[in-house]
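Numbers 3 to 291, taken from the working numbering, label the letters of the sequence shown in order.
All residues carry an ideal CB built from backbone N, CA and C; glycine is no exception.
Below: the structure, in structure tokens.
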Amino acid sequence: MTMILSFNEFKKSEYSRNPHFLVIGNPIGHSLSPLMHQAALDFHDINAQYHAVDLAQADITDFIGWLNRDEFLGCNITIPYKNQFIKVVDHIDSYSSEAGVINTIAKSDHKLIGHNTDIHGFTSPLLQYIDQIEGGRVIVFGTGGAAKAVKIGLEDLGVEEIIFVSRTPEKSNLNSDHIWVETVSYDQWQSYVDETSMFVNTTPLGMSPNIGRSPISEFDGKLLGKKICYDLIYNPIQTKFLKQADEFGAITINGLDMLIMQGNRSFEIWTGKTFPLDRIKKLLINTLK
Numbered sequence: 003m004t005m006i007l008s009f010n011e012f013k014k015s016e017y018s019r020n021p022h023f024l025v026i027g028n029p030i031g032h033s034l035s036p037l038m039h040q041a042a043l044d045f046h047d048i049n050a051q052y053h054a055v056d057l058a059q060a061d062i063t064d065f066i067g068w069l070n071r072d073e074f075l076g077c078n079i080t081i082p083y084k085n086q087f088i089k090v091v092d093h094i095d096s097y098s099s100e101a102g103v104i105n106t107i108a109k110s111d112h113k114l115i116g117h118n119t120d121i122h123g124f125t126s127p128l129l130q131y132i133d134q135i136e137g138g139r140v141i142v143f144g145t146g147g148a149a150k151a152v153k154i155g156l157e158d159l160g161v162e163e164i165i166f167v168s169r170t171p172e173k174s175n176l177n178s179d180h181i182w183v184e185t186v187s188y189d190q191w192q193s194y195v196d197e198t199s200m201f202v203n204t205t206p207l208g209m210s211p212n213i214g215r216s217p218i219s220e221f222d223g224k225l226l227g228k229k230i231c232y233d234l235i236y237n238p239i240q241t242k243f244l245k246q247a248d249e250f251g252a253i254t255i256n257g258l259d260m261l262i263m264q265g266n267r268s269f270e271i272w273t274g275k276t277f278p279l280d281r282i283k284k285l286l287i288n289t290l291k
């Protein structure tokens with residue numbers, strides 16, 4: 003089990019005096035990042051540890067000062083701080099600039115660099131299906147924070163149209179200078195299916211512990227047949243949405259590969275090395291089981 007520390011606990015611990023990477027968020031107890039990254043650090047014999055820190059809003063100023071310590075090597079950032087820390091770093095990469103959020107901080111020449119590795123994580127499992135996706139239409143359920151990263155990733159993959167599905171389509175501000183983007187309601191997306199090559203679920207519907215939920219009804223399950231169906235959720239590994247897709251012969255992708263590949267990209271930025279991918283996937287599957 004990952005040990006969760008508050009920032010004050012971390013500062014007082016022996017861990018803080020040794021080379022370390024962190025993941026920060028609030029809450030942070032669900033994070034699988036410490037498992038992945040520590041396994042990779044150990045595999046490559048890198049003298050550093052990776053810790054989960056539950057960062058309270060009141061400790062942010064103190065934490066920003068911590069980023070300049072020699073022992074601090076880098077961190078991942080999760081909810082609710084991805085927007086906040088983009089203002090803290092000295093430079094950001096192009097994906098961070100486009101998405102407006104960072105999920106990784108690295109150090110380079112005593113400067114803090116912000117990266118967004120979520121987009122890389124999202125697109126990596128799709129590269130083998132590029133022929134089916136390129137030039138086509140994708141239906142995306144949800145218009146929250148994850149939907150923006152998905153939009154940028156789909157633009158990169160050469161998709162021509164994205165139909166976002168929202169409970170409040172009139173409030174959506176997802177648009178694009180490069181491709182056709184439209185936002186529709188949950189009783190309208192069905193009419194866009196014929197030209198669609200892929201469905202993506204960016205909503206929390208189906209996430210543990212509410213595993214009986216899906217963004218689509220039982221009646222509409224047949225519309226997923228023969229398409230690519232991608233759920234960003236990784237717990238459970240097979241969501242209800244993916245079960246519905248499976249039942250009608252769709253190609254299914256769960257969120258575990260995205261999680262691993264965004265982590266792998268962070269690790270590459272920090273260390274120049276890659277995850278032992280098979281080993282880490284096996285470790286996470288066993289943990290989730």
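* Leaving aside the five residues before and after Asn28 along the sequence, list all residues of the same chain whose C-beta is less than 7 Å from its C-beta, in chain order. => In the sequence shown, the residue the question calls residue 28 occupies position 26. So the list reads Asp56, Leu57, Ala58 and Pro82, once near-sequence residues are dropped.
* Asked: Who are the near neighbours of Gly137 in its chain, counting only those whose CB is closer than 8 Å to its CB and skipping five residues on each side?
  -> Taking the first residue of the sequence shown as 1, we reach residue 137 at position 135. Within the same chain, Gly137 has close Cβ partners Gly160, Val161 and Glu162.
* Based on Cα-Cα distance, which residue from Glu197, Ser33, Ala60 and Ile6 lies nearest to Tyr236? -> Mapped onto the sequence shown, residue 236 falls at position 234. Of Glu197, Ser33, Ala60 and Ile6, the residue nearest in Cα terms is Ser33.
* Which listed residue (Ile104, Gln134 and Ser35) has its alpha carbon closest to that of Phe335 -> In the structure displayed, the chain extends from 3 to 291; residue 335 sits before or after that span and is not available.
* **Runs of alpha helix (DSSP H) lying entirely within the region 13-98, each at least 4 residues, in chain order** => 35-45 and 62-68
* Gly137 in three-state terms, based on DSSP -> Reading the sequence shown from its first residue, position 135 is the one you call residue 137. Looking at Gly137 - three-state DSSP - the assignment turns out to be coil, as it is neither helix nor strand.
* To do: Alpha carbon to alpha carbon, how far is Leu207 from Ala331? Give it in angstroms, no decimals.
  => The chain is shown only over 3 to 291; residue 331 falls outside these bounds and no answer can be derived.
* Examine the ligand ZN and report whether any of its heavy atoms sits within less than 7 Å of the Cβ of Leu75. => Because no ligand of any kind appears in the structure shown, any question about the ligand ZN cannot be addressed here.
* Pull up the distance between the alpha-carbon of Ser219 and that of Ile287, whole angstroms please. => Counting from one through the sequence shown, the residue named residue 219 turns up at place 217. Counting from one through the sequence shown, the residue named residue 287 turns up at place 285. When rounded, the distance between both Cα atoms is 28 Å.
* Does the pairing of the region 168-188 with the region 119-133 give three or more beta-carbon distances under 8 Å? -> no
* Three or more C-beta pairs below 8 Å linking the region 269-282 and the region 236-252 -> no
* Asked: Is it right to say Lys242 is buried, meaning 16 or more other beta carbons lie within 10 angstroms of its own, or is it exposed?
  -> Counting from one through the sequence shown, the residue named residue 242 turns up at place 240. Result: buried.
* Excluding the 5 residues preceding and the 5 following Lys224 in the sequence, name in chain order all residues of the same chain whose CB lies nearer than 6 Å to its CB. => Start at 1 with the first residue of the sequence shown, and residue 224 comes out as number 222. Excluding sequence neighbours, Lys224 sits near Phe250.
* Is the CB-CB distance between Phe45 and Arg267 below 8 Å? -> Position 43 of the sequence shown holds residue 45. Position 265 of the sequence shown holds residue 267. No; because the gap between Cβ atoms is not below 8 Å, this pair is not in contact.
* In terms of residues, what are the limits of the beta strand (DSSP E) holding Ala108? -> Sequence index remark: in the sequence shown, residue 108 carries index 106 (1-based). Thr106 to Ser110 is the span of the beta strand (DSSP E), which, as asked, contains Ala108.
* To do: Starting from His122, trace the alpha helix (DSSP H) both ways and give me its first and last residue.
  => Residue mapping note: residue 122 aligns to position 120 of the sequence shown, counting from 1. Taken as a continuous stretch (DSSP letters only), the alpha helix (DSSP H) holding His122 covers Asp120 to Thr125.
* How many angstroms separate the CA atom of Gly146 from the CA atom of Met263? -> For the purposes of this step, residue 146 is taken as residue 144 along the sequence shown, with counting starting at 1. For the purposes of this step, residue 263 is taken as residue 261 along the sequence shown, with counting starting at 1. C-alpha separation (whole angstroms): 21 Å.
* **Lys150 vs Ala101 beta-carbon contact at 8 Å** => Residue 150 sits at position 148 when you count from the first residue of the sequence shown. Residue 101 sits at position 99 when you count from the first residue of the sequence shown. Their beta carbons are under 8 Å apart, which means Lys150 touches Ala101 by this criterion.
* For Thr276, which three-state DSSP category applies? -> By one-based count along the sequence shown, residue 276 stands at place 274. Residue state, collapsed to three classes: coil.
* Asked: Does DSSP put Ser199 in a helix, in a strand, or in coil?
  -> Translated into the one-based positions of the sequence shown, residue 199 becomes position 197. Looking at Ser199 - three-state DSSP - the assignment turns out to be strand.
* **Residue nearest to Gly155 in terms of C-alpha spacing, selected from Thr80, Ser126 and Ile141** => Position 153 of the sequence shown, counted from the first residue, corresponds to residue 155. Of the candidates Thr80, Ser126 and Ile141, the one whose C-alpha sits nearest the C-alpha of Gly155 is Ser126.
* If you draw a straight line from the alpha carbon of Leu234 to that of Ile6, how long is it in whole angstroms? -> Working through the sequence shown from its first residue, we reach residue 234 at position 232. Working through the sequence shown from its first residue, we reach residue 6 at position 4. If you take the alpha carbons of Leu234 and Ile6, they lie about 24 Å apart.
* Exposure label - Ile132; buried when at least 16 CB within 10 Å -> Locating residue 132 in the sequence shown gives position 130, where the first residue counts as 1. With fewer than 16 Cβ atoms within 10 Å of its Cβ, Ile132 is classed as exposed.
* Are Ile66 and His93 close, meaning C-beta to C-beta below 8 Å? -> What you label residue 66 is simply residue 64 of the sequence shown in a count that begins at 1. What you label residue 93 is simply residue 91 of the sequence shown in a count that begins at 1. Against a cut-off of 8 Å, the Cβ pair of His93 and Ile66 comes out as no contact.
* **For His22 and Glu16, the rounded distance between their alpha carbons** => Translated into positions along the sequence shown, residue 16 becomes position 14. Translated into positions along the sequence shown, residue 22 becomes position 20. Whole-angstrom Cα-Cα distance: 11 Å.
* When we look at the beta-carbon of Trp182 and count the other beta-carbons within 10 Å, is it buried (16 or more) or exposed? -> Stepping through the sequence shown from its first residue, residue 182 is reached at position 180. Exposed: under 16 other Cβ atoms inside 10 Å.
* For Ser268, three-class secondary structure by DSSP -> What you label residue 268 is simply residue 266 of the sequence shown in a count that begins at 1. Ser268: helix per DSSP, three-state reduction.
* Own chain, CB closer than 8 Å to Asn85, minus 5 neighbours either side, in chain order -> Residue mapping note: residue 85 aligns to position 83 of the sequence shown, counting from 1. For Asn85, where only same-chain residues beyond five positions count, the Cβ hits under 8 Å are Gly102 and Val103.
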